Structure formats: C-alpha cells, structure tokens
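Note that our numbering has the sequence shown beginning at 656, numbered continuously upward.
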Amino acid sequence: SLVGYHELGHIGKLEYDRLAWEELKEPLDRTDDFTLSSAPPSAVPSTDPGTDPSQGMASDDESSIPTARRRLPRSSAALGKQKLKFEAEFRLMLYKHWTLEESMLHSSYFYGALELHRDKGIRSLKNFFATAGISPSAYKQLYSGMPMPIRKTIQKKFSEHGKAYGLSKEKMFLQQFVRDLGPLGDAKQALWLQEISSSDAAHILFGVLGTVPASLSGTRVDLLPQVEGGRRDTAAINEIEREAMKENFWRAFDTILCKDPAALEAGIKEAVEVAKAVQSLGRFIKDTKAMNKSSRFLWCKVEQPPHLFRHHLSVRRLAVWLLHVLFIHRPKSEEKERPMMVIVRDAVRETYLCVGATPNRLSDDRDEFGHLFRSVLRADRTLKYRYDFFDKSCIEIACDDFDRFWEILTDTA
C-alpha cells in the first residue's frame, strides 16, 4: 500500500523512505523470524489495499456480507512459507513479468528521462541496451526467457551504464519489499511468479480495482439501461457500478494474497492493459499539444477517452504519468513543475471527471486541488457533483454544470 501511495503521487520519495524504513523495515528486523506465513481462515487480519477501496465500499458493513462472499484465504499448509526481502528493486513496470523493452517503454521515469516519445529516444534506448550488453533477443522476450547471466547482472548493468544516458541510480531503484512465493511460482513459470515486489502488487491492484464493466461502455450508450420514455436509468447504472466495485475489491483481495497463480496472471494482464492505455493517451495529449495553462495549474480535457478511463484510478495514473514525463523526469526541462489537472468526459454518467496531481515539492498537508474544489462547491451550491472519493483531488461534475464549475474554479485559482 505504501508503494501504491508513492506511485500515485500521494507521498514523495523522502516520506516514502522514512515510512518504509522506520515503520516497516525496522519493526520486521526486530522480529525473530523474517518470514511471513499465511494465517488460517479463523485468524484473517483486516486489510487495506492501500490504493483506493473503490469509495462506496468503505461504508459497507462487512458483517452483513455472507461468509461465502468474503472468500477468505485458504490454509497455507500446502503452500509453505513465503519470505519477505527488503531490497532495492527497479522502478520498472512489472519487468519480471513482461519484456524489459516494454517495461521501460511504460515506466514514467525511463520514458521521461530517455524521452521515449521521440525517435531520438528510441535510438538512445537501443544504444543503451547495446552498451549494457543486452541483446535484442534478450530485451524483447519475457524476463523468464532471458539468459541467466543477464538476469543476474541486470541491476549492475543499469547502474554502470545508465549514467551515460542520463539515468540516475537513485531514481532507477526503489527500496521495497519483495515476496518470494516459493513453489507457487512454478505454476506459471513464463510469468516469473516466483517473486512479487511491492511495486508489482501496487500495479496489479490498480489494474484490478480500476476495471469497469464492459456493459457500461461509453461507445454503446444506446445499450445502457433505460426507463420508460427512453431516458437513461441512472439508478440501474449506479447499481451495476457498485456491484462491479465490490467484485473488484474481492478480486483484488484474493489476488494480492499471492496464493492463486491464475488470479495473479489475470491481475498482471489487467495492469499491463492500464499501463498501455496510460502511455498511449499520454503520448496523444503531448503530441497534439492538448495541455493548456491557467494561472495556477496546467490542464487538459479529453472528450472521448478509452473505456477504462471511466474509472478515477486510471485517470489519476494518467495525471501522474503526464506530470512525471513532462516535468519531473524530463531532462533539461526549462519549465517549472506545476500542478496538473486531467478532465475526462464520462459519456455513461454524463459527467466530467476531474483529477488533479501536484508535484511533491509543491504540496503540503493541504491538498491543493481538494481546497480548490471545496471552494467552488461553497461558492455555488446548485452544482450537481460527486465528491465522495478517497482521493480528495478528484471530483465528478455533471456535464450541464461543468461550464459554471470551470468558470468559478479558474476565477478562484
């Protein structure tokens, strides 16, 4: 969960390091056995996925959920113990479960630092691989298929040769927990499930929690539930979304227990799908110069987004990606980092979803966009909105009211 907060831009690197070492690493070092084993079903602790419990679920009374629906974890007798390590791991998107090339193309630090949106950047990436002694046959196949000597020395290769290409060792790696799944990984050897890092788990959670039912696609609004007279049945749509959020929560819960190889495989696929969509839409926004400026923040508006951007977690990922690629990790950037807002139209709910991201060096205990949103809602109490997200820099505004909302927001800013 801590890595998830860091990946979503909620906490900076310094705060992450402090919490990881003082609150997690040191207490575990003081334990007699640095090994975790799964608790039996009767002793399941309460859990917090650490990203976003999909809003409406936070108020659910768990005692009202049938035990069968909770799908408590199975006994660990047949699975043995799972060990935790605290070590420096790449800030590469699922690189042990994907190809090295694709992972770098979909990781914001490497994408921004190498400027991989440009042909020059792609050439630089290939030159880096050649300098580091990683052949195309190695970086274009799954990590599990790479030659053993490369797998064993890959961190050393990046550390030794990255500086010449503008890559910082401090930013390439992140101290985090890595779970050794032992025999479980043998079930899906191609995906290298022997190890799952905290970063892997966070991306899998984002993918699973952010899944939107295909039946609620904005491309086929004519198939959405309707009431008499042909009007959209908002109540039915809300109920479908609520059930989907609950299902996503339990799928994420089951997946992150790291006991079911099939669930992990599905979670990795969903995480990869989100990563590709974020990179693709981010590149489109940059290439079309869709980013605009207001007095206090940058913003862009997407009228016809891909289906998965109906979920605020995916929009948040996009906002943080743009902030990283355009400013934080961009080499020799002359423009100062500024807060950024991504506005996405939801054709199903007939709303605009607004998600803000603030550079950590500019943020304090008060969320800047949350403060702005609350100021607008106080200024015009007739606006139709939804503001019950876990992330207070996220708000949903009815399409009919968006112009009024935007006018007040930009005047306030």
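Glycine is no exception: its CB is placed at the ideal position from the N, C-alpha and C atoms. For clarity, every value in this text was computed on a predicted model and none was experimentally measured.
Boundaries for Lys956: no alpha helix (DSSP H) harbours it, while the beta strand (DSSP E) harbouring it runs Leu953 to Val957, taken from the DSSP string. Look at Tyr1042 here: in three-state DSSP terms it is coil, with no helix or strand label.
Its chain contains Gly667 as the residues whose beta carbon lies nearer than 6 angstroms to that of Asn1015, once the 5 sequence neighbours on both sides are disregarded; these appear in chain order. DSSP places Glu1051 in the strand class (E or B) of the three-state scheme. Taking the Cα of Gln810 as reference, the smallest distance to any Cα among His858, Glu742 and Gly837 is reached at Glu742. DSSP, read as helix, strand or coil, puts Ile998 in strand. Here the region 1004-1013 makes contact with the region 979-995; the two share three or more CB pairs at distances below 8 angstroms. Looking at the DSSP output, Asp835 sits in a beta bridge with Lys738 and Glu850.
Taking a cut-off of 8 angstroms for Cβ pairs, the region 837-851 and the region 749-758 touch, as three or more such pairs fall below it.
The C-beta distance from Glu770 to Pro986 rounds to 7 angstroms, short enough to meet the 8 angstroms contact threshold. A buried status is given to Ser1048, since no fewer than 16 other beta-carbon atoms sit within 10 Å of its beta-carbon. The beta carbon of Arg972 sits closer than 6 angstroms to the beta carbons of Val933 from its chain, once the five residues preceding and following it are set aside; these are given in chain order. Boundaries of the beta strand (DSSP E) around Leu1008: Thr1006 to Ala1012.
A straight line joining the alpha-carbon of Glu958 with that of Ser779 spans about 34 angstroms. For Thr1067, the enclosing alpha helix (DSSP H) covers residues Phe1057 to Thr1067.
Annotation: Ser656 to Lys1039 spans about 32 angstroms, alpha carbon to alpha carbon. Secondary structure of Asn947 (DSSP, three-state): strand.
The DSSP-derived three-state label of Glu992 is coil.
DSSP lists Phe745 as the beta-bridge partner residues of Phe828. Residue pairing by DSSP places Thr754 opposite Leu797 in a beta bridge. When C-alpha distances from Pro838 are compared across Tyr660, Lys738, Arg875 and Val882, the shortest belongs to Lys738. In the three-state reduction of the DSSP assignment, Arg887 falls in the strand class, which pools E and B. Secondary structure note for Lys843: it is in no alpha helix (DSSP H), with a DSSP letter that is neither H nor E. Taking all protein chains shown into account, Phe1045 has fewer than 16 neighbouring C-beta atoms within 10 Å of its C-beta and is therefore exposed. The beta carbon of Ile998 lies closer than 6 angstroms to those of Lys956, Tyr1007 and Cys1009 in the same chain, with the five residues before and after it left out.
For Arg773, no alpha helix (DSSP H) segment is defined, and its DSSP state is neither H nor E. Where Tyr820 is concerned, there is no enclosing alpha helix (DSSP H), because DSSP gives it neither an H nor an E.
Residue range His967 to Leu978 is occupied by the alpha helix (DSSP H) that includes Trp976. Leaving aside the five residues that flank Glu1023 on each side, the residues in its chain whose CB is nearer than 6 angstroms to its CB run, in chain order, Pro994 and Thr1013. Contact between the region 824-834 and the region 935-951 is absent: fewer than 3 CB-CB pairs across the two stretches fall below 8 angstroms. Rounded to whole angstroms, the separation of the alpha carbons of Val658 and Thr1037 is 38 angstroms. About 11 angstroms separates the beta carbons of Ile1052 and Asp1035, which is beyond the 8 angstroms limit, so they are not a contact pair. The beta carbon of Glu662 is closer than 6 angstroms to those of Ala857 in its chain, skipping five residues each way along the sequence. Across the set Phe952, Lys914 and Arg773, the C-alpha of Lys914 shows the shortest separation from the C-alpha of Asp841.
The bridge partners DSSP lists for Gln881 are Arg887. Non-local C-beta neighbours of Asn947 in its own chain, meaning closer than 6 angstroms and more than five positions away in sequence, comprise Trp954, ordered along the chain.
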